[in-house]
Amino acid sequence: MGILQKYYRQSATYKLYKGLSEIFYDFVDTLGKITENGLHVLRCIYKIDYKELIEQCSRFGVSSLPITLTIVGMTSVIVASQVALEMVKQGGGHFIGMMMTILIVREVAVIMSGFAIISMIGSSLASEIATMRVTEQIDAIKVLKVDPICHLFVPRVLSGIIMMPFVTIIAAAVGVIAGAVTSDLFAGLSYRAYFDSAWLGLYMKDLWVSLLKAVFFGGTIALISCSCGYYASGGAKGVGLATTKAVVWSFVAIVIWDMIFAIAFFF
Amino acid sequence: MSIEVKNLVKKFGDNTVIDNVSFKVNDKETLAIVGFSGSGKSTILKLICGLIPKDSGEIITSKGDIAMVFQYSALFDSLDVADNISFALRERKDLKKKYTEKQIKDIVAQKLELVGLKGIERLYPSELSGGMQKRVSFARAIVTEPNSILYDEPTSGLDPISSTLIENYIVRLKEETNAASIVVTHQMSTIQRTADRVVMLYNGKIVFEGTPEDMLKQDNPYTKQFVTASLEGPMKMTEREK
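Going down the list, the protein sequences come from chains X and B. Note that this note's numbering has the first sequence beginning at 1, numbered continuously upward. Note that this note's numbering has the second sequence beginning at 1001, numbered continuously upward.
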């Protein structure tokens, strides 16, 4: 029996089973911890440290703005440059503004802002908190009888919730303008024709759904990044793993949120 | 008595790190916990201050705060010295509204003076030497007037003179605060200068309990090996550590 067991443990089937079960366990464990921390944050969300909140808002909004605007602006240029001329050729030039605006306001601005914020702010939040964990700073907070989740998570999650809609609005404006400029340059579409079409296709619902999405994205990115950092272990390698995990989980989470919103509001 | 540990057991997986350990530390007394690396010394401190849960046994502490000085200081690197020391006064639920800004400033100045670092309130941890960081972490630990202070290898990584300075502050803090103190250490100088009693751990069990003078008598094979730093003796390094 012992020999059979030994051979079984060396087999590819066993290794595959073990690998998959570890991935599944890690997935359930991480999801559970993020949910638990989210509920903890909700319980102490009224305990706001305004000084820290302003600092985090500045980090979340102001610091991420240049890269976010660059990404959204360039995405608009890419889309408009490829589509505008074709649409004009096919006689659909008067739809370009509408198409670009709907695309940017509903999706590109919010999801690209989300991706930019994950890469820039999410990774930095995760590595900051992970470093605090591996250097025993979080233990020190606990020994001083201060709740580390309330102290560290609340201002960061709130700053995500508050700042992400602002970033999204500015990014959307930049995206729409970049689309107009590109359409003019590549397809000779006048600004007036672009914006007339844009106003025709844009509804208030597009805007508020996008802002609601931004609220969820911002909160989710901050919560996941803080949670992944909070459970880091094992020095520099642990900090790196926590940061990677935070980025991957945040990317997947906002795509899932995006899908839920698309089905709930536009299906 | 201020800290009493009864039949304490802690396991990590199948590995029993603390195996039925019992001891007492009275007010105004300093107990040194010594032993090999990995013998469970720091785990005992983490169990006492509630950072990790115990598997069985009892930890009885008298009312009041337990403070801990961490091995690598664990100062908050995004805060300056004053904010590090006043952290609990500003953030703790029961202390938050107790002090005015002026009182907090005075308390910080007083604690810094106690550890010999007057006037460094606005410096950041990265601007301090290892010894200074340790002393700031002492000041942060005693800001809530704790009944018990736990020191996790307070002199590790310091030069002999800085070590002596830290040891003097451990004695001074005991006298000023009347706290029960536990010092986890490897260093004989720290044991001799700070401890009233010594407990030695090996494989999670207590193998010696006595005064620092008893430890030097070398009638216990464990303390004899520890004091003489010999490879020969009852304590064996694991294959992994060789």
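The beta-carbon is built from N, C-alpha and C at its ideal position, and this holds for glycine as well. All values derive from a computational prediction rather than experimental measurement.
Tell me where the alpha helix (DSSP H) around residue i begins and ends.
i, result
"B/Tyr1222", "Pro1221 to Thr1228"
"B/Gly1210", "Looking at the DSSP string, B/Gly1210 is not in any alpha helix (DSSP H); the run it does join, the beta strand (DSSP E), is Lys1205 to Gly1210."
"B/Asn1147", "Element bounds for B/Asn1147: n/a, residue is neither H nor E."
"X/Val174", "Val154 to Ala187"
"B/Leu1089", "Phe1087 to Glu1091"
"X/Arg133", "Ser123 to Val134"
"B/Arg1135", "Gly1130 to Ile1142"
"X/Cys228", "Met204 to Tyr230"
Report the residue from the options whose alpha carbon sits nearest the alpha carbon of residue i.
i, options, result
"X/Lys142", "X/Phe27, X/Ile48, X/Tyr50 and X/Tyr230", "X/Tyr230"
"X/Ala187", "X/Val79, X/Leu144, X/Val110 and X/Val105", "X/Val79"
"B/Lys1041", "B/Tyr1222, B/Val1017 and B/Lys1134", "B/Val1017"
"X/Asp26", "X/Ile260, X/Ala264, X/Phe267 and X/Leu241", "X/Leu241"
"B/Ser1002", "B/Leu1008, B/Lys1024 and B/Phe1012", "B/Lys1024"
"B/Asn1147", "B/Ala1180, B/Lys1118 and B/Asp1214", "B/Ala1180"
"X/Ile121", "X/Ser81, X/Gly92 and X/Phe60", "X/Phe60"
"B/Glu1029", "B/Asn1203, B/Asp1196, B/Glu1232 and B/Ser1073", "B/Asp1196"
Give me the DSSP bridge partner(s) of residue i.
i, result
"B/Arg1197", "B/Leu1031"
"B/Glu1004", "B/Lys1024 and B/Ile1060"
"B/Asn1015", "B/Phe1012"
"B/Asp1202", "Note on residue identity: the sequence assigns Tyr, not Asp, to residue 1202 of chain B. B/Tyr1202 is bridged to B/Lys1205."
Roughly how many whole angstroms lie between the Cα atoms of residue i and residue j?
i, j, result
"X/Val77", "B/Arg1090", "50 Å"
"B/Leu1075", "X/Ile161", "29 Å"
"B/Val1034", "B/Phe1070", "16 Å"
"B/Leu1114", "B/Leu1095", "21 Å"
"B/Asp1065", "B/Val1143", "10 Å"
"B/Ser1062", "B/Arg1140", "21 Å"
"X/Ala172", "X/Leu202", "12 Å"
"B/Arg1240", "X/Arg106", "Here the model assigns B/Arg1240 a pLDDT of 44, short of 50, so the residue's position is not dependable and the matter cannot be decided."
"X/Leu200", "X/Tyr191", "14 Å"
"B/Arg1092", "B/Ala1082", "16 Å"
"B/Asp1219", "B/Ile1182", "24 Å"
"X/Arg9", "X/Ser21", "14 Å"
Please check if any C-beta of chain B sits within less than 8 Å of the C-beta of residue i.
i, result
"X/Asp139", "yes"
"X/Leu4", "no"
"X/Ser62", "The residue you asked about is not Ser; residue 62 of chain X is Val in the sequence shown. Not an interface residue."
"X/Lys89", "no"
"X/Leu185", "no"
"X/His151", "yes"
"X/Lys237", "no"
"X/Lys142", "yes"
"X/Lys15", "no"
"X/Lys277", "The structure shown has nothing for residue 277 of chain X, since chain X only spans 1 to 267."
Return no unless some Cβ of chain X is closer than 8 Å to the Cβ of residue i.
i, result
"B/Ile1003", "no"
"B/Met1068", "yes"
"B/Leu1114", "no"
"B/Arg1092", "yes"
"B/Ala1082", "no"
"B/Ala1180", "no"
"B/Leu1051", "yes"
Just checking residue i against the ligand NAP - is the residue's beta carbon closer than 7 Å to any of the ligand's heavy atoms?
i, result
"X/Gly97", "Among the ligands in the structure shown, none appear at all, so the ligand NAP cannot be discussed."
Would you give the residue range spanned by the beta strand (DSSP E) that residue i belongs to?
i, result
"B/Ser1181", "Ala1180 to Val1184"
"X/Ile260", "Not the beta strand (DSSP E): X/Ile260 falls in the alpha helix (DSSP H), residues Gly235 to Phe266."
"B/Met1235", "Segment: none, B/Met1235 is in no beta strand (DSSP E) and carries neither H nor E."
"B/Ile1066", "Ile1066 to Val1069"
At 9 Å on the CB atoms, spell out the chain A contacts of residue i, in chain order.
i, result
"B/Tyr1072", "Absent from the structure is chain A; the protein chains it does hold are X and B."
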